[in-house]
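K.L.:
Please see the structure below; I have some questions.
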Amino acid sequence: MREATVFQGQRGLIAAIAGVSVGVNLLILTAPLYMIQLFERVMTSGSQATLAALTIGALLALGFFFVFDLLRQRMAARLGARLDARLGPALFEGLLRGSDQDQPEGVSPAQPLIDLTELRGFVTGPAFIALLDAPWAALFVGVIWLFHPVLGMIALGGVLTLLLLGVAGELFSRGHARFAADAARRAQAAAEDFLRNVEVTRAMGRAPALAGRWADAAAMAQAGGALATDRIALMTSLAKFVRMALQIAMMGAGVSLVLAGQMAPGLMIAAAILLGRAAAPVEQSIAGWRALMSARQALDRLNGALARLRAPRDGLELPPPQGRVEVEHATVIRPERQEPLLFDVSFALAPGDALGLIGPSGAGKTTLARALAGLQPLSRGHVRIDGAALEDWPEDQIGRHVGFMPQRIELMEGTVAENIAGMDPEVAPAQVVEAARRAGVHEMILSLPGGYNARVGPRGERLSAGQRQRIGLARALLGERRLIVLDEPNSNLDPEGEAALARAVRGAGQRGATVVVVTHRLNILAQLSHAAVLEAGRLIRFGPAREVLRQIGRPAVVPAAGARPRALAGRGARS
Numbered sequence: 001m002r003e004a005t006v007f008q009g010q011r012g013l014i015a016a017i018a019g020v021s022v023g024v025n026l027l028i029l030t031a032p033l034y035m036i037q038l039f040e041r042v043m044t045s046g047s048q049a050t051l052a053a054l055t056i057g058a059l060l061a062l063g064f065f066f067v068f069d070l071l072r073q074r075m076a077a078r079l080g081a082r083l084d085a086r087l088g089p090a091l092f093e094g095l096l097r098g099s100d101q102d103q104p105e106g107v108s109p110a111q112p113l114i115d116l117t118e119l120r121g122f123v124t125g126p127a128f129i130a131l132l133d134a135p136w137a138a139l140f141v142g143v144i145w146l147f148h149p150v151l152g153m154i155a156l157g158g159v160l161t162l163l164l165l166g167v168a169g170e171l172f173s174r175g176h177a178r179f180a181a182d183a184a185r186r187a188q189a190a191a192e193d194f195l196r197n198v199e200v201t202r203a204m205g206r207a208p209a210l211a212g213r214w215a216d217a218a219a220m221a222q223a224g225g226a227l228a229t230d231r232i233a234l235m236t237s238l239a240k241f242v243r244m245a246l247q248i249a250m251m252g253a254g255v256s257l258v259l260a261g262q263m264a265p266g267l268m269i270a271a272a273i274l275l276g277r278a279a280a281p282v283e284q285s286i287a288g289w290r291a292l293m294s295a296r297q298a299l300d301r302l303n304g305a306l307a308r309l310r311a312p313r314d315g316l317e318l319p320p321p322q323g324r325v326e327v328e329h330a331t332v333i334r335p336e337r338q339e340p341l342l343f344d345v346s347f348a349l350a351p352g353d354a355l356g357l358i359g360p361s362g363a364g365k366t367t368l369a370r371a372l373a374g375l376q377p378l379s380r381g382h383v384r385i386d387g388a389a390l391e392d393w394p395e396d397q398i399g400r401h402v403g404f405m406p407q408r409i410e411l412m413e414g415t416v417a418e419n420i421a422g423m424d425p426e427v428a429p430a431q432v433v434e435a436a437r438r439a440g441v442h443e444m445i446l447s448l449p450g451g452y453n454a455r456v457g458p459r460g461e462r463l464s465a466g467q468r469q470r471i472g473l474a475r476a477l478l479g480e481r482r483l484i485v486l487d488e489p490n491s492n493l494d495p496e497g498e499a500a501l502a503r504a505v506r507g508a509g510q511r512g513a514t515v516v517v518v519t520h521r522l523n524i525l526a527q528l529s530h531a532a533v534l535e536a537g538r539l540i541r542f543g544p545a546r547e548v549l550r551q552i553g554r555p556a557v558v559p560a561a562g563a564r565p566r567a568l569a570g571r572g573a574r575s
């Protein structure tokens, strides 16, 4: 299947804009032709009627010019709107699905959306119109040549000089402009990263150091931008000089030809007007060259993002899952690491089972949790739900039955109810309240000013870490979830919150859901049916929680590469 491109499906509108540009540029000949007729007919005949007819005809032609020019600008605006409407949702959904994770380090995750905004601004701006008009300079130069070859050579030499200045500006400033744009994006990403950690920065007195690091990144962007701007400014000033020198040369040569009787005065004035129209879009293109280069870079990045865009997995909708989970030889390897994050992990859970994942930091618990939720692709092996590999389920279907609570809870700007509902307006209020009750957070929410309508602020900053964590638990329990994965759900909870978490896990199991809890606190294991111990990415113990708890005091031995530990419990459990 052919890859999607930015302007795919827009050829008709682009052709219409080009067609209207034909009319606009042909009607530009109105003023020169009117001037010629004035000198050739009206000045010699002295006819007022001819003058009136010519003037009315010229005004009608200018009326059409106004309509065509307005129509062209409105169609360009429609082109920008259509690009935004067609690509915006697809790019944003692709970002949400993790389809564009190959962004260079230091680049904002939302760069494709920024590029789309920049490209839309370009196609609706004056630089785009100037580019459409620039090729018509050849027509105007040809008409001037018909007036007299000497004037035609002056016009041709001037326009070619302007074009060469534009090309030189592109070659001299391309590298600096690209470097400046990349450096500016890195500086912006660094600023966003530093501001996310503003409390630590202020508390530990690191503001001057971080400000210095940002200033260094910003200085690199400013230096590259200054060099690119200086070179473009040089070419722009040279273009203005050439254009004014052309006008002087054209008028001087024209007067000389008129005095020699080789040209009528009207043709001389018409040639001067046409030269201005031929040089103007070329000069404007040079002035807008930086915008053109930025738009071209944005276009290249957008085409790359569209090529990486991963479409949602469609296909036959399977029966609603019951929650049977099987992990088969799950392995995750990263090129930048010598050791795998996960290696040959296998086990099985039945509906209603609750598994606690424990182990030292860096053992691979979060990686396994993300793989269970479909967020971490496996290098080898499969995660199966009801016998079907996770990648074979239609995303939208399986997503309705998987609840996930990440280790770091960041709520979205909005109300408590909207965050529990995942910002989905179709979720009924009763479902929101039921999820809060399941998580044991209903009373806590009612105690907030505004209750379920309380606004949480950016990233939930108006709530405490424990409150955010409990609301994140309610979000994971919303609806009929058959697999619930909780990554460190009790890291910020007080005893009351831990008791509510234990009740929520028991309740989910009683409803037939399969629950996986990543934890460092072993007391939660008493509420779970199974436990698994990970170490260095390998599963070294798996079985009933009580049995694993009895063994947990003994030193864990990492099995040899390729070996799998013996399953300790559960029919069909493998390890």
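All residue numbers for the sequence shown refer to full-length UniProt numbering, where the first residue is 1 and numbers rise by one. No residue lacks a Cβ here, since even glycine has one placed at the ideal position from N, Cα and C.
Are the Cβ atoms of V516 and V505 separated by less than 8 Å?
P.N.:
Not a contact, by the Cβ cut-off of 8 Å.
K.L.:
Whole angstroms is fine: what's the gap from A249's alpha carbon to F128's?
P.N.:
Going from the Cα of A249 to the Cα of F128 covers about 29 Å.
K.L.:
Where do the ends of the beta strand (DSSP E) carrying V514 lie?
P.N.:
The question names Val, but residue 514 in the sequence shown is Thr. 514-518 is the extent of the beta strand (DSSP E) around T514.
K.L.:
According to DSSP, is P335 part of a helix, a strand, or is it coil?
P.N.:
In the structure shown, P335 sits in coil (DSSP, three-state: anything other than H, G, I, E or B).
K.L.:
Any idea if M423 is buried or exposed, counting beta-carbon neighbours within 10 angstroms, 16 or more meaning buried?
P.N.:
It is exposed - the Cβ of M423 has fewer than 16 other Cβ atoms within 10 Å.
K.L.:
Buried or exposed: which applies to K240, given that a residue is buried once 16 or more other Cβ atoms fall within 10 Å of its Cβ?
P.N.:
K240 comes out exposed.
K.L.:
What residue from V258, G142, F147, E535 has the CA that sits closest to A363's CA?
P.N.:
The candidate whose alpha carbon is nearest that of A363 is E535.
K.L.:
What are the start and end residues of the beta strand (DSSP E) that includes H148?
P.N.:
Where H148 is concerned, there is no enclosing beta strand (DSSP E), given that its DSSP letter is neither H nor E.
K.L.:
Among residues of its own chain, excluding the 5 on either side of A270, which ones have a beta-carbon nearer than 6 Å to its beta-carbon?
P.N.:
So the qualifying residues of the chain are P32, M35, I36.
K.L.:
What's the gap between the Cα of P112 and the Cα of P458?
P.N.:
Whole-angstrom Cα-Cα distance: 22 Å.
K.L.:
For I269, which of helix, strand or coil comes out of DSSP?
P.N.:
In this structure, I269 counts as helix in the three-state DSSP scheme.
K.L.:
From M220 to T124, what does the alpha carbon distance come to, in whole angstroms?
P.N.:
Those two C-alpha atoms are separated by around 30 Å.
K.L.:
Hey, how far is the Cα of D396 from the Cα of E418?
P.N.:
Each residue's alpha carbon lies about 19 Å from the other.
K.L.:
For A500, which residues from the same chain have a beta carbon less than 6 Å from its beta carbon, with the 5 sequence-adjacent residues on both sides left out?
P.N.:
Excluding positions up to five away in sequence, the list reads G440.
K.L.:
For a minimum of 4 consecutive residues, which ranges assigned as the alpha helix (DSSP H) are wholly contained in the segment 229-283?
P.N.:
Here no run is fully enclosed.
K.L.:
Straight-line CA distance for L267 to A61?
P.N.:
Approximately 20 Å, taken between the alpha carbons.
K.L.:
Less than 7 Å between C-beta atoms, sequence neighbours within five positions excluded: which residues of the same chain meet that for R78?
P.N.:
Correct list, in chain order: L13.
K.L.:
Starting from the C-beta of M412, find all residues in its chain whose C-beta is less than 7 Å away, skip the five residues before and the five after it, and write them out in chain order.
P.N.:
Within the same chain, M412 has close Cβ partners N419, M423.
K.L.:
Just to confirm my understanding: we take L486, look at its own chain, exclude 5 residues before and 5 after, and list those with CB closer than 6 Å. What are they?
P.N.:
Correct list, in chain order: M405, V517.
K.L.:
Are the beta-carbon atoms belonging to G169 and M235 less than 8 Å from one another?
P.N.:
Cβ atoms of G169 and M235: closer than 8 Å.
K.L.:
Using 8 Å as the Cβ pair cut-off and three pairs as the minimum, do the segment 74-94 and the segment 15-28 touch?
P.N.:
Because the criterion of three Cβ pairs below 8 Å is met, the segment 74-94 and the segment 15-28 touch.
K.L.:
A363 by DSSP, collapsed to three states: which one?
P.N.:
If DSSP states are grouped into helix, strand and coil, A363 belongs with coil.
K.L.:
Measure the CB-CB distance between A110 and L95 and report whether it falls below 8 Å.
P.N.:
Yes, the Cβ-Cβ distance between A110 and L95 is below 8 Å.
K.L.:
Have a look at the DSSP bridge pairing and note the partners of H401.
P.N.:
According to DSSP, H401 bridges with nothing at all.
K.L.:
Threshold first: 4 residues or longer. Then list the alpha helix (DSSP H) segments lying entirely within the segment 470-550, N to C.
P.N.:
If we require 4 residues or more, the alpha helix (DSSP H) runs fully inside the segment 470-550 come out as 495-510.
K.L.:
Can you give me the C-alpha to C-alpha distance between A430 and L116, rounded to a whole angstrom?
P.N.:
Roughly 39 Å between the two C-alpha positions.
K.L.:
Quick check on E317: buried or exposed, where buried means 16 or more other Cβ atoms within 10 Å of its Cβ?
P.N.:
Per the 10 Å Cβ criterion, exposed.
K.L.:
Alpha carbon to alpha carbon, what distance is there between I28 and A184?
P.N.:
Cα-Cα distance, rounded: 41 Å.
K.L.:
Would you kindly work out how many angstroms separate the C-alpha atoms of H148 and G142, rounded to a whole number?
P.N.:
C-alpha separation (whole angstroms): 10 Å.
K.L.:
Kindly indicate the opening and closing residues of the beta strand (DSSP E) around F92.
P.N.:
Premise fails: F92 lies in the alpha helix (DSSP H), 48-96, not in any beta strand (DSSP E).
K.L.:
Nearest to F65 by alpha carbon, out of V20, L38, M444?
P.N.:
Checking every option, the nearest Cα to that of F65 belongs to V20.
K.L.:
For G323 versus A513, is the C-beta spacing smaller than 8 Å?
P.N.:
The answer is yes: Cβ separation under 8 Å.
K.L.:
Candidates R482, T55, E496, Q469: which alpha carbon is nearest E488's?
P.N.:
Residue Q469 is the option with its Cα nearest to E488.
K.L.:
Taking the straight line between their C-alpha atoms, what separation do you get for S361 and L493?
P.N.:
Going by the C-alpha atoms only, they are around 19 Å apart.
K.L.:
Would you kindly work out how many angstroms separate the C-alpha atoms of V432 and A373, rounded to a whole number?
P.N.:
One C-alpha to the other measures close to 22 Å.
K.L.:
Taking buried to mean at least 16 other C-beta atoms within 10 Å of its own C-beta, is P319 buried or exposed?
P.N.:
So P319 ends up on the exposed side.
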